[in-house]
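Undergrad:
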Amino acid sequence: MGRFQSIDAVAALLDRDNIDTDQVLPAAFMRGIDPDYGAGLFALWRRDPAFVLSRPGWERTSILVSGANFGCGSTREHACWALDEFGIRVLIAASFGEVFRDNCIRNGILPIVISPEPLEQLRALLRDASGPIRLRVDLASQRVSGPGFAMTFEIGAADKTALLDGLDEIGMTLLQADAIAEWERSEQVARPWLQTLRAAP
Amino acid sequence: MGTLFDKIWNAHVVGQRLDGRVLVYVDRHVIHDLHAPPAFAKLTKTGRAVRRPDLTVAVTDHMVSTRPGRTETSIPQTTPFLTRTQSGAERLGIRVLGIDSPLQGIVHVISPELGIALPGSTVACPDSHACTVGGIGALGLATGTTEVVHVLATQTLAWKKPKQMRIMLDGALAPDVTAKDVILFVIGHFGSDMARGHAVEFAGPIARALPVEGRMTLCNMVTELGGRTGLVAPDTSVADWLRDRACAPAGGDWARAVSDWDTLHTDKDAIFDQDLRLDCSGLEPQITWGIDPSHVLGLSGRVPDPALAPPAQQDELRRAIDYMQLQPGTPIAGLPIHRVFIGSCTNARLSDLQAAAKVVQGRHVASTVRAVVVPGSTSVKREAERIGLDRIFRDAGFEWGEAGCSMCAGVNGEEGAPGERVVSTTNRNFAGRQGAGVMTHLASPETAAAAALAGHIVDRRTFS
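These protein sequences, in sequence, are chains A and B.
Each residue of the first sequence is one higher than the one before, counting from 29 in the numbering used here.
Each residue of the second sequence is one higher than the one before, counting from 10 in the numbering used here.
1. Can you confirm whether residue 442 of chain B, when its beta carbon is compared against all beta carbons of chain A, has any partner nearer than 7 Å?
2. Taking 8 Å as the limit between beta carbons, can you name the residues of its chain near residue 180 of chain B, skipping five residues before and five after?
3. Would you mind reading off the limits of the beta strand (DSSP E) that contains residue 8 of chain B?
4. Sort A:166, A:53 and A:104 by Cα distance to residue 35 of chain A and report the nearest one.
5. Return the CA-CA distance between residue 30 of chain B and residue 201 of chain A, expressed in angstroms with no decimal places.
6. Could you name the residues of the region 299-331 of chain B whose beta carbon sits closer than 8 Å to any beta carbon of chain A, in the order they occur along the chain?
7. Compute the distance between the beta-carbons of residue 223 of chain A and residue 215 of chain A, then report whether it is under 7 Å.
8. State the Cα-Cα distance for the pair residue 437 of chain B and residue 85 of chain A, rounded to the nearest angstrom.
9. Go ahead and pull the three-state DSSP assignment for residue 90 of chain B.
10. List, in order along the chain, the chain A residues whose C-beta lies closer than 7 Å to that of residue 164 of chain B?
11. Residues of the region 61-78 of chain A in Cβ contact with chain B at a cutoff of 7 Å, in chain order, please.
12. At 7 Å on the CB atoms, spell out the chain A contacts of residue 420 of chain B, in chain order.
13. Taking the alpha-carbon positions, what's the residue 313 of chain B to residue 383 of chain B distance?
14. Would you decide whether residue 411 of chain B is buried or exposed? Buried here means 16 or more other CB atoms lie within 10 Å of its CB.
15. Counting only beta-carbon atoms, is residue 222 of chain A nearer than 7 Å to chain B?
16. For a cutoff of 7 Å on Cβ pairs, would you count residue 243 of chain B as touching chain A?
17. Please name the residues in the region 91-107 of chain A whose beta-carbon is closer than 9 Å to at least one beta-carbon of chain B, in chain order.
18. Whole angstroms is fine: what's the gap from residue 403 of chain B's alpha carbon to residue 16 of chain B's?
19. Can you give the Cα-Cα distance for residue 24 of chain B and residue 32 of chain B, rounded to whole angstroms?
20. Is residue 80 of chain B buried or exposed, if buried means 16 or more other CB atoms sit within 10 Å of its CB?
21. Spatial neighbours of residue 457 of chain B within its chain, please: C-beta separation below 6 Å, excluding the five flanking residues on both sides.
22. Of the residues that make up the region 105-117 of chain B, which ones have a beta carbon closer than 8 Å to any beta carbon in chain A?
23. Rounded to whole angstroms, what is the Cα-Cα separation between residue 183 of chain A and residue 194 of chain A?
24. Mapping DSSP to helix, strand and coil, what is residue 454 of chain B?
25. Chain A partners of residue 90 of chain B, CB-CB under 7 Å?
26. Check whether the region 93-111 of chain A and the region 38-52 of chain A touch, using three or more Cβ-Cβ pairs below 8 Å as the test.
27. Given a threshold of 16 other Cβ atoms within 10 Å of its Cβ, counted over all protein chains shown, does residue 300 of chain B qualify as buried or as exposed?
28. If distances are taken between C-alpha atoms only, which option among B:460, B:71, B:238 and B:98 comes closest to residue 378 of chain B?
29. Is the beta carbon of residue 207 of chain B sitting closer than 7 Å to the one on residue 172 of chain B?
30. Note down the Cα distance separating residue 319 of chain B from residue 193 of chain B, rounded to an integer number of angstroms.
31. Is any beta-carbon of chain A found at less than 7 Å from that of residue 26 of chain B?
32. From residue 441 of chain B to residue 51 of chain A, what distance separates their C-alpha atoms?
33. Which bits of chain A does residue 159 of chain B rub up against, with CB to CB less than 9 Å?
34. State yes or no: is the beta carbon of residue 204 of chain A nearer than 7 Å to at least one beta carbon in chain B?
35. Going by DSSP, which residues form a beta bridge with residue 380 of chain B?
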C-alpha cells in the first residue's frame with residue numbers, strides 16, 4: 029500500500045470525457061506475466077508524438093487532469109498499476125469509474141473529484157499554457173494549487189486516512205472475524221444451500 | 010418493505026467496519042486467469058489463508074486460446090497465467106476449471122449455468138461484467154485484484170451501499186428484437202455514465218417477458234450504463250432454468266431454496282433513488298456506430314452529424330466519427346464489414362447461438378468476411394454440437410471455436426487487424442478494444458450473423 033502526503037509536480041491535461049481503462053492500459057500490455065505496465069500506460073496514444081505524455085517536458089508527469097467518467101470500462105486494476113509505475117500520483121477529474129476509483133485508493137493514487145467550474149478553470153490553465161505547468165496537491169489540507177489557481181477538494185474520511193497512513197484492509201476486516209463466523213453459523217441454518225457449493229460431477 | 014436489492018444486500022451484511030464501510034458476505038467467489046495469478050501471489054505475501062476455498066471457484070477464460078485443438082501452451086505469452094491459475098488454485102484447495110475441464114467457460118456464463126450463482130446469492134468476481142448473474146436474481150459484485158485477496162482471506166467485501174435505480178421497460182418487443190437491442194437502446198438513451206453509483210433493477214413488462222438467458226444479456230451491460238450491478242427479479246422461469254444444474258441445491262435444499270426465492274422481488278411501496286421508465290414499443294434492432302457504448306442507432310439510422318449536436322458533445326462525436334472512418338449522415342445499414350465475432354459473456358449462451366444459427370442456416374458467409382463463433386462455455390459448445398449448430402455455422406463458412414473470452418477483451422491476443430470493421434456481439438466498442446485501429450460495432454447475434462452473410466451491416470428482417 030503506497031502512501032500519499034503531498035506532491036509538487038508536472039500536470040498533464042487529457043482534455044476529454046470517458047477515458048476508459050482500455051485507453052489507460054491496452055489489453056496487449058497485460059499479456060506477459062510480469063509486464064512493464066508503465067510502458068503500457070496510454071500506449072496507443074503515446075505513439076503520437078503530439079500526445080502530451082510524449083512531449084518533451086512532460087516525461088515526469090505525476091498529475092493527470094481530465095473530464096468526466098475517467099477510468100470507466102474494464103475493472104482491470106492493472107490500469108492503476110500502469111499509472112503507478114509511470115509515476116502518476118494524482119488524478120483530477122469531474123468523475124471516475126467506481127471500481128477504478130477504489131482501485132486508485134488501494135494503490136496509493138489520489139483521485140480528486142472537482143466540480144465543473146474550477147475544473148474548467150484548471151483545464152483552461154493547462155490548455156492555454158505554452159509549456160508544462162506544475163501543480164501542488166496536499167492531501168492533509170485537501171488543496172490543489174498552481175499558477176493563479178487554488179482550490180480545496182472533498183474526499184471521504186476513510187479514503188483520506190487510507191492514503192495518508194497506509195492501510196491493512198484485511199487486518200481491519202479480520203477485527204470482525206467473530207462476526208463473520210457467527211454470520212456463517214446463522215446462514216447455515218437459514219439458507220444452508222448457500223453455505224455449501226455442491227461438487228460438480 | 011424494500012427493494013429486491015435491499016433484500017439481498019441486507020441479508021448479507023455482516024457488520025460495519027471501523028472505516029464505515031459495510032462488510033458484505035460473499036456466498037460465491039468466482040475468479041479467473043487474468044486476476045488469479047497476481048491475487049494468489051499477493052495473498053501468499055500476506056501470509057493469510059483462504060477462508061472458504063469450498064465457496065471459491067477458479068476458471069480459465071480470458072487468457073485461453075479459443076482455436077480448435079488448443080492447449081495450455083497455444084499462446085506462449087499467456088501460458089503462465091493458465092499454469093499459475095491451475096497450480097495456485099490446487100495449492101490453496103480451490104476448485105479449478107481449466108481448459109481440460111468439460112465445465113470450463115467464461116466466468117459469467119458458467120456461474121449461472123452450473124448453478125454456482127443462485128437467486129438471492131452474492132457473487133464476487135474480479136470483472137466488470139460480474140453483473141451478468143443479475144439475470145437470475147443473483148447479486149454480482151465486481152472487484153479489482155486487491156479485493157480478490159480480501160475476499161479470499163475474509164469471504165467478505167467492504168463496500169459502501171450503492172444507491173438504487175429502477176428502470177421500467179414498457180411496451181412489448183417485436184419478434185425479431187432481442188435483449189441485446191433493448192440494453193443497447195437503454196444505454197443509447199440514458200448514456201454510459203447515467204447509473205454511476207447505483208444498483209439497477211430492470212422491471213416492467215419487457216424485463217418480465219424476457220427469457221432467463223436474455224435477462225443475463227440485459228444485466229451484463231449494466232456496467233456500460235455506469236452502474237455497479239444489475240438485477241431482474243427471479244420468477245418461476247429462473248427456478249425451471251436452474252433445476253438439476255451441476256452445483257444447484259439438491260434434495261430437500263432445492264424445495265427450500267425455491268420457496269426462499271419467492272420472496273425475492275421489490276415490494277410495491279419500495280422507494281428508489283431514481284425510478285425511470287423507457288418505452289421500448291416499436292423498437293427496431295440496434296447497433297453501435299462509435300467508440301462509446303452509448304453511440305447507438307437503430308438499423309434504419311444514420312451516423313450523427315456533430316455540427317448538429319450540443320457544443321459540449323461535438324468533440325467526442327468528431328473523434329468517434331474519425332476513429333470509425335465514417336461520414337456524418339451515412340446510413341449505418343450498408344456499411345461494408347471485414348469480420349464478425351459471435352461470442353462473449355453478453356451473447357454466447359445456447360439461445361444466442363440458436364438465434365444466430367437460425368439466420369445462418371442454409372446460407373454462406375460473404376467472401377469478404379471472416380466470421381467466428383466462440384461458445385460461452387464448453388457445456389454450451391457440447392450442447393450446440395449435440396443439436397447440430399456447429400454444422401450450420403461451419404457449412405456457412407463460420408469458424409467454430411473453443412470456449413473463452415477471445416476477442417471480446419482481446420487480452421489473449423485474439424484481435425482484429427488495424428482498419429478492420431467488426432460486427433461483434435460483445436459489450437465494449439472502445440477505440441482499440443479489439444485491437445489497435447479495429448472498428449467495433451456492437452449488435453445482437455442475429456444482426457451479427459446477418460452482417461456476416463451480407464458482407465455489410467444489414468437489418469436481417471429485410472435481408473434475403
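Where a beta carbon is used, it is the ideal one built from N, C-alpha and C, also for glycine.
TA: Quick answer:
1. yes
2. 214, 215, 288, 289, 290, 291 and 292
3. What is shown of chain B runs 10 to 473, which leaves residue 8 of chain B out entirely.
4. A:166
5. Rounded to whole angstroms, residue 30 of chain B to residue 201 of chain A spans 10 Å at the Cα level.
6. 301, 324, 325 and 328
7. yes
8. 34 Å
9. helix
10. At a beta-carbon threshold of 7 Å, the residues of chain A lying near residue 164 of chain B are 208, ordered along the chain.
11. Residues of the region 61-78 of chain A with a Cβ closer than 7 Å to any Cβ of chain B, in chain order: 61 and 72.
12. 55, 58 and 59
13. 32 Å
14. Its Cβ being crowded by 16 or more others within 10 Å, residue 411 of chain B is buried.
15. Answer yes: the Cβ-Cβ gap between residue 222 of chain A and chain B drops below 7 Å somewhere.
16. no
17. 96, 97, 100, 101, 102, 103, 104, 105 and 106
18. 46 Å
19. 5 Å
20. exposed
21. 349, 351, 432 and 434
22. 112
23. 16 Å
24. helix
25. 61
26. yes
27. buried
28. The residue from B:460, B:71, B:238 and B:98 with its alpha-carbon nearest to that of residue 378 of chain B is B:460.
29. yes
30. Residue 319 of chain B and residue 193 of chain B have their C-alpha atoms some 22 Å from each other.
31. yes
32. 8 Å
33. 197, 198 and 201
34. yes
35. B:349
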